[in-house]
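Scroll down for the structure; my scribbles are underneath it.
In the working numbering, the protein residues as written are 1261 to 1577.
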């Protein structure tokens, strides 16, 4: 298994900035990221220091990647599906990732989460009503409550399969909903699903519940609608949302990181040195909320690198 001093999840400004500082300090660094995140979608950037003329977010991202690679930083374009604490020194964290059909695992002394801020919503009637009342975003956290019950997983990629694999240890009665996603990953279609798992490719049209106790309604199932408008009901006790790729909030939940509330919900809380409440775990960039700008993300990455380097020196003593 590959071992590193630091693994950085996210190859945007925060992750690349931290990687540059750490590599120049002679640490073994691995940066993992599936895409460039929000920056990749920026059509034109002209408010960043040193730009002679406006450039696209994709151009800026690619320039940062080249800069890191020229310094000798390992950058893997793949999807992180799981992070967990090993509770062993000095390699305290294990990261699992997939690239197509290839699965890899890495060990690291430190972990920097720089995945950006996820901007995904789920606009399905009933979703808000049952979020937290049968709908969960973390199989590791809540899966135990659904042991031997009928559950659904909502997603169409490697992250969804990772959540399904965990849940399969608790229940073999699982429905995998792709919600009509036309971009179902080839690995999901080619790989045989575990026995008892049913694949539903129609779009979800509604989430429904039932009166439980004390007049509180909880999830009872979902409805799907096919291309001809036919509706089918699927009774469930739990639905685990695993859309897209695992992000900051999912990693935070699994590692026990403190997160924001209210308008800052889903962001990771850090001190001034970008340290989280879990020793060895740091966060930077949009994942920590605040001023969602490139300059702030790059600054966060540099500050995190300084803290990581200082803490690694203490760890080696």
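Where a beta carbon is used, it is the ideal one built from N, C-alpha and C, also for glycine. Owing to the predicted nature of the structure, the values given are computational and were not obtained by experimental measurement.
Query                                                                                                         : Result
For residue 1396, the nearest candidate out of 1341, 1329, 1509, 1351 (CA to CA)                              : 1509
Cβ-Cβ distance between residue 1371 and residue 1267 below 8 Å                                                : yes
Same chain, Cβ closer than 6 Å to residue 1318, five either side skipped, listed in chain order               : 1300
Residue 1339 - containing beta strand (DSSP E), residue span                                                  : 1339-1345
Supposed contact pair residue 1557 and residue 1546 - C-beta distance, whole angstroms, cut 8 Å               : 6 Å
Test item: CB-CB of residue 1479 and residue 1439 under 8 Å                                                   : no
Cβ shell of residue 1288 (< 6 Å), same chain only, five flanking positions each side left out                 : 1264, 1265
C-alpha gap between residue 1358 and residue 1470, whole angstroms                                            : 38 Å
For residue 1468: DSSP bridge partner residues                                                                : 1481
For residue 1513, three-class secondary structure by DSSP                                                     : helix
Cβ contact (3+ pairs, closer than 8 Å) linking the stretch 1343-1353 and the stretch 1304-1312                : no
Among 1283, 1338, 1324, nearest to residue 1554 - alpha-carbon criterion                                      : 1324
Three-state class that DSSP yields for residue 1563 in the structure shown                                    : helix
Best match in 1373, 1338, 1344, 1352 for proximity to residue 1361 [C-alpha to C-alpha]                       : 1338
The stretch 1329-1338 contacting the stretch 1276-1292, beta-carbon criterion three pairs below 8 Å           : yes
Validate contact between the stretch 1382-1392 and the stretch 1514-1534 using beta carbons, cut 8 Å, 3 pairs : no
Those residues which DSSP pairs with residue 1437 across a bridge                                             : 1414, 1460
Close beta carbons around residue 1408, own chain, < 6 Å, minus the five adjacent residues each side          : 1431
Coarse secondary structure for residue 1388, derived from DSSP in three states                                : helix
CA-to-CA distance, residue 1566 to residue 1531, given in whole angstroms                                     : 13 Å
Span of the alpha helix (DSSP H) around residue 1276                                                          : 1273-1284
Limits of the alpha helix (DSSP H) - the one that residue 1315 falls within                                   : Residue 1315 -> no alpha helix (DSSP H), and no H or E assigned at all.
Proximity test, Cβ basis, 8 Å: residue 1320 and chain D                                                       : Although the question refers to chain D, the structure presented lacks it and comprises just one protein chain.
Reduced DSSP secondary structure (H/G/I, E/B, other) of residue 1395                                          : strand
Residue burial classification, residue 1292 (beta-carbon count within 10 angstroms, cutoff 16)                : buried
Span separating the alpha-carbon of residue 1500 from that of residue 1313                                    : 45 Å
Secondary structure of residue 1373, DSSP reduced to three states                                             : strand
Residue 1328 versus residue 1534 - alpha carbon distance                                                      : 21 Å
Selected residue, minimal CA-CA separation from residue 1502, among 1405, 1493, 1389, 1427                    : 1427
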